[in-house]
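A.B. asks: Quick one: structure below, then a few questions.
There are 2 protein chains.
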Amino acid sequence: MLERFTVGLDIGGTKVVAGIVDAAGNVLDRRRGETPSKSPQATEDVIVELVAELGSRWDVASVGIGAAGFVDAGRSNVLFAPHLAWRREPLRDRVQQRLRLPVIVENDANAAAWAEWRFGTARGEDHLLCVNLGTGIGGAIVHGGVLYRGKYGVAGEFGHMIVVPDGHRCECGNRGCWEQYASGNALGREARELAAADSPVAQTLIARVGGDLSRITGPLIAEMAKDGDPAAIELFEDVGRWLGIGIANLCAAFDPGCVVVGGGVSEAGEYLLAPARVASRRNLTGRGYRPEARIERTALGNEAGLIGAADLARWEAQRLRRWSLGALRRGVTARRA
Amino acid sequence: MLERFTVGLDIGGTKVVAGIVDAAGNVLDRRRGETPSKSPQATEDVIVELVAELGSRWDVASVGIGAAGFVDAGRSNVLFAPHLAWRREPLRDRVQQRLRLPVIVENDANAAAWAEWRFGTARGEDHLLCVNLGTGIGGAIVHGGVLYRGKYGVAGEFGHMIVVPDGHRCECGNRGCWEQYASGNALGREARELAAADSPVAQTLIARVGGDLSRITGPLIAEMAKDGDPAAIELFEDVGRWLGIGIANLCAAFDPGCVVVGGGVSEAGEYLLAPARVASRRNLTGRGYRPEARIERTALGNEAGLIGAADLARWEAQRLRRWSLGALRRGVTARRA
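Protein sequences appear in the order of chains A and B. Start counting the first sequence at 1; every next residue gets the next number (my numbering). Start counting the second sequence at 338; every next residue gets the next number (my numbering).
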């Protein structure tokens, strides 16, 4: 039998990535698009377009969508998305009808955590948390080889735990959410504020964007940190410290064996993770009297989400195939009886 | 066969309660003692004494201890206890040797959550969190009929999640832990501060303790709230609001179907729970677009911990019995073969 492939998609606050994924979690082909964040219809069009493009070159059996939003327990509907326009959106059925392929929808961080557990940093780790720093913070839990989805499917929204009373306003509508202090958005905001203050430490940064502060982004700060710019390094120390405080809180609640840090901001590597480890240790309750979780960077980078979404779609297809075979056998037995 | 019973013990920051528990979760006899918080040896003596007293009147088969501390995955050792003197204490083996009965040790909030799931408010609920407001805050998770213990056994330490950066100092060594804002200790501290400010609203409170502010306790405030004292009602509103904010955070992370609020402070009932429900709803991310957890008061009151500890000991004894019977049968089969 010829190998059939799965398309995985990762739909974040600003972009969509799609890829052809094989059974071993390898990405064999890739496409990218923009997320038209204010229109569910346009986002759906982008998904269909990317799958069609990949489908013209590969034999696609099913599709897994990792979406930056609250996905219901049936893995069909996006209930709410802080950074996108979805509100009670029946995404799976809409896309399935247009593609005429089996589709599953999963929270993007859940998909990424699944990939890290199956193919990445957390292989063999049975108590795992994922913290993905992109536009916001995505979170997920894998416990005993199963995604912990909660009662209604929306567990793992770590980014919207309130860590500063009356703090920064969050896109979710609350104030003081963790993702307002440890995410790509937070890094950009802090960098722009630093530049706006026109401090001597920010002069290199201001020069890099030719004085146009709106051009300051997370990736630029990461690049400058690697070049040794002290202000950029300090900005990562601040975000890393907040990351560590939040991880200490999660360890108090979940007591995991490993916390995998992923998402675009994690590309800064130790500039982010070293201060996060220090702050996590310093704020962990019972420290010194308990085993502590490893804090590790993603092994799959920004493809974790699409790899996980594809792998979950493949598992679901296998489950349905086994179920149909079973039903067929039960039917044959029933006729014979 | 005559029914044999289990002793359950609940060891909190200030007192020890012990009871004879039957298979249906009924408490048939009770004893109480003080917790000598600064001496592990003395705490152990109290445990042994209470079990011996009960054992002189009942046929005791096993003992379950719910302890206000971090209990390891083997349910043997108390690794750390913020409100007691235990540090890497081999509690199970010590007590077992002295009692010559099978003993299990479990975190007190885990024991209480188990009881609520088996016999109490959360019967039939498969995604449950427990938040117990006593000296501090104990927390626990029951997921799919199993206690979620985390990798190393110490999950559910919700009380030590940091909710106020650089906030009140906590017994665990950190600052700003949730239990510094929503617990019996927090209620007492706020009430004493209010009285110390000598405000007109605090005059009834000051009179009730004859001017001796050190006599202000949580139970007194609860009593005064029931008598309609506006200051006492406001104190519960403040603690209830913090309780709700923390519950909203937990719902973001765990997405449970039900949150059971127990512990001594929960005896204030709606004075505590009504403001907690309002604050939880107001601070829940994605509110209006997701199903929400019920927030309910314990059905078992301050006996939940001892009932759960006893029931867990009973389950463990049954598991061992089945295992021994199985081993016996396997032995017989092996000899025949």
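Backbone N, C-alpha and C fix where the C-beta goes; we use that ideal spot for every residue, glycine too. Model, not experiment: these values are computed from the prediction.
#1: Residues of the region 109-123 of chain A in Cβ contact with chain B at a cutoff of 8 Å, in chain order, please.
#2: Which first and last residues belong to the beta strand (DSSP E) in which residue 444 of chain B is found?
#3: Quick one: which residues of the region 590-621 of chain B get their C-beta closer than 7 Å to a C-beta of chain A? List them in chain order.
#4: Quick check on this structure: which residue in B:365, B:557, B:402 has the alpha carbon closest to the alpha carbon of residue 394 of chain B?
#5: Just confirm the distance between the C-beta atoms of residue 167 of chain A and residue 159 of chain A, as a whole number of angstroms; I'd bet it's less than 8 Å.
#6: Do you know offhand how far residue 472 of chain B's Cα is from residue 600 of chain B's?
#7: Is the separation between the beta-carbon of residue 216 of chain A and that of residue 195 of chain A shorter than 9 Å?
#8: Would you mind telling me which residues of chain A sit closer than 8 Å to residue 509 of chain B, beta carbon to beta carbon, in chain order?
#9: Could you tell me the alpha carbon to alpha carbon distance between residue 22 of chain A and residue 111 of chain A, rounded to whole angstroms?
#10: Along chain A, in chain order, which residues have C-beta atoms closer than 7 Å to that of residue 628 of chain B?
#11: Identify whether residue 83 of chain A lies in helix, strand or coil by the three-state DSSP scheme.
#12: Where in the region 35-86 of chain A do unbroken runs of the beta strand (DSSP E), each at least 3 residues long, occur, reported from the N-terminal end onward?
#13: Taking 9 Å as the threshold (beta carbon to beta carbon), is residue 350 of chain B in contact with chain A?
#14: Kindly indicate which residue of A:113, A:108, A:187, A:232 has the alpha-carbon position closest to the one of residue 66 of chain A.
#15: Determine, for residue 80 of chain A, whether the minimum Cβ-Cβ distance to residues of chain B falls below 9 Å.
#16: Among the residues of its own chain, which have a CB less than 6 Å from the CB of residue 527 of chain B, if the five just before and after it don't count?
#17: Can you tell me which of the three DSSP states residue 132 of chain A falls into?
#18: Taking only the alpha-carbon atoms, compute the straight-line gap between residue 627 of chain B and residue 385 of chain B and give it to the nearest angstrom.
#19: Quick check: what's the CA-CA separation for residue 398 of chain B versus residue 74 of chain A?
#20: Using a threshold of 9 Å, state whether the C-beta atoms of residue 597 of chain B and residue 458 of chain B are closer than that.
#21: For residue 506 of chain B, name the three-state secondary structure that DSSP assigns.
#22: Identify the contact partners of residue 492 of chain B in chain A, using a Cβ-Cβ distance below 8 Å as the criterion.
#23: Residue 119 of chain A and residue 306 of chain A - do their beta-carbons sit closer together than 9 Å?
#24: When you check each C-beta in the region 559-586 of chain B against every C-beta of chain A, which residues fall closer than 8 Å?
#25: Cα-Cα, which of B:590, B:437, B:501, B:342 is closest to residue 157 of chain A?
#26: Does any CB atom of chain A fall closer than 9 Å to the CB of residue 407 of chain B?
#27: Does the distance from the C-beta atom of residue 470 of chain B to that of residue 521 of chain B stay below 9 Å?
#28: Cβ closer than 7 Å: which chain B residues qualify as neighbours of residue 164 of chain A?
#29: At a cut of 8 Å, does the region 575-588 of chain B reach the region 535-549 of chain B through at least three beta carbon pairs?
#30: With the cut-off set at 9 Å, would you say residue 345 of chain B and residue 645 of chain B are in Cβ contact?
#31: Quick one: which chain B residues come within Cβ less than 8 Å of residue 338 of chain A?
#32: Sorted by chain position, which residues of the same chain lie with C-beta nearer than 7 Å to residue 451 of chain B's C-beta, five sequence neighbours on each side aside?
#33: From the DSSP output, read off the bridge partner residues of residue 11 of chain A.
#34: Using a beta-carbon distance below 9 Å, is residue 92 of chain A in contact with chain B?
#35: What does the alpha-carbon distance come out to for the pair residue 524 of chain B and residue 618 of chain B?
C.D. replies: Quick answer:
#1: Result list empty, no residue passes.
#2: Unbroken beta strand (DSSP E) run through residue 444 of chain B: 440-444.
#3: Flagged, chain order: 590, 591, 592, 593, 594, 620.
#4: Answer by Cα proximity: B:365.
#5: Wrong, their Cβ atoms sit about 13 Å apart, outside the cutoff.
#6: Whole-angstrom Cα-Cα distance: 9 Å.
#7: Contact: yes.
#8: Result: 285, 286.
#9: The straight-line gap from Cα to Cα measures roughly 15 Å.
#10: Correct list: 152.
#11: DSSP places residue 83 of chain A in coil when its eight states are reduced to three.
#12: Taking only runs of at least 3 residues, the beta strand (DSSP E) segments lying wholly in the region 35-86 of chain A are 60-67, 78-80.
#13: Residue 350 of chain B does not count as touching chain A.
#14: Sorting A:113, A:108, A:187, A:232 by C-alpha distance to the C-alpha of residue 66 of chain A places A:108 at the top.
#15: Yes - at least one Cβ of chain B is within 9 Å of the one on residue 80 of chain A.
#16: Closer than 6 Å at the Cβ level, and outside the excluded window around residue 527 of chain B, lie 572.
#17: Residue 132 of chain A falls in the strand class under three-state DSSP.
#18: Taking the straight line joining both Cα atoms gives about 49 Å.
#19: The alpha-carbon of residue 398 of chain B is positioned some 45 Å away from that of residue 74 of chain A.
#20: The answer is yes: Cβ separation under 9 Å.
#21: Looking at residue 506 of chain B - three-state DSSP - the assignment turns out to be strand.
#22: Identification of chain A residues near residue 492 of chain B by a Cβ-Cβ cut-off of 8 Å yields 253, 254, 255, ordered along the chain.
#23: In terms of Cβ geometry, residue 306 of chain A and residue 119 of chain A do not form a close pair [threshold 9 Å].
#24: Answer in chain order: 582, 585, 586.
#25: Ranking the options by Cα distance to residue 157 of chain A, first place goes to B:590.
#26: Taking Cβ atoms only, chain A reaches closer than 9 Å to residue 407 of chain B, which makes this a yes.
#27: The beta carbons of residue 470 of chain B and residue 521 of chain B sit closer together than 9 Å.
#28: Neighbours of residue 164 of chain A on chain B, chain order: 502.
#29: Flag = no, the region 575-588 of chain B and the region 535-549 of chain B do not touch.
#30: Yes; because the gap between Cβ atoms is below 9 Å, this pair is in contact.
#31: A question about residue 338 of chain A goes unanswered here, because the residues of chain A that appear run from 1 up to 337.
#32: Result list for residue 451 of chain B: 479, 484, 645, 648, 649, in chain order.
#33: According to DSSP, residue 11 of chain A bridges with A:16, A:67.
#34: No, no contact with chain B.
#35: For residue 524 of chain B and residue 618 of chain B, the gap between their C-alpha atoms comes out near 22 Å.
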